[in-house]
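*Asks:* This is the structure I want to talk about, given as structure tokens.
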Amino acid sequence: MSYAILRMQKVKAVGIKGMQFHHQRERESKTNPDIDYEKSKLNYDLNNQSEIDFNKKVDEIIKENVIGDKKIRKDAVRLCDIVVTSDPKFFDRLTDREIKNFLKIVIIFYVIDIKKRI
């Protein structure tokens, strides 16, 4: 039987750029020797067609969603980094389209859950 790993980590402003470097493989990792850079081309982003500046994107989203003149605290959580994975056996039996659909459903689950908590 397969297993799922779902992890959510809150990220403040100071951690966004480092997260961008890690997710988009902009620099070689000094802390994670397990990254197989040959497989990086298999990574994809369900929301963006190309690499983005995470800080700009987060600022745009905040600007679009903050009502009034409310200021965001400098130490506030700016985003939630979510990792969704499973064992290879689970993914091996799915097509690329089924994998993307699975991940989209998980994202919807997280969005609904997070909105309930806000």
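Read in order, the letters of the sequence shown are residues 1 to 118 in this note's numbering. Just so it is clear, CB atoms sit at the ideal spot from N, CA and C, and this is done for glycine as well. The structure presented is a predicted model; accordingly, all values stated were derived computationally and were not measured.
(1) Can you tell me whether L79 is buried or exposed, with buried defined as 16 or more other CB within 10 angstroms of its CB?
(2) Compute the Euclidean distance between the alpha carbons of R117 and K56, then round it to the nearest angstrom.
(3) Evaluate the contact criterion for the region 94-105 versus the region 16-35: three or more CB pairs, one atom per stretch, below 8 Å.
(4) So, are the CB atoms of F90 and S2 less than 8 Å apart?
(5) Kindly indicate which three-state DSSP category R73 falls into: helix, strand or coil?
(6) May I ask you to report which of helix, strand or coil DSSP gives I52?
(7) Should the region 36-43 be regarded as contacting the region 8-18, the criterion being three or more beta carbon pairs within less than 8 Å?
(8) In whole angstroms, what separates the C-alpha of I16 from that of T85?
(9) What three-state label does DSSP hand R25 in the structure shown?
(10) Hey, would you say M19 sits closer than 8 Å to D75, going by beta carbons?
(11) Kindly indicate which residue of V83, Q24, N32, K41 has the alpha-carbon position closest to the one of R7.
*Replies:* Short version:
(1) buried
(2) 25 Å
(3) no
(4) yes
(5) coil
(6) coil
(7) no
(8) 21 Å
(9) coil
(10) no
(11) V83
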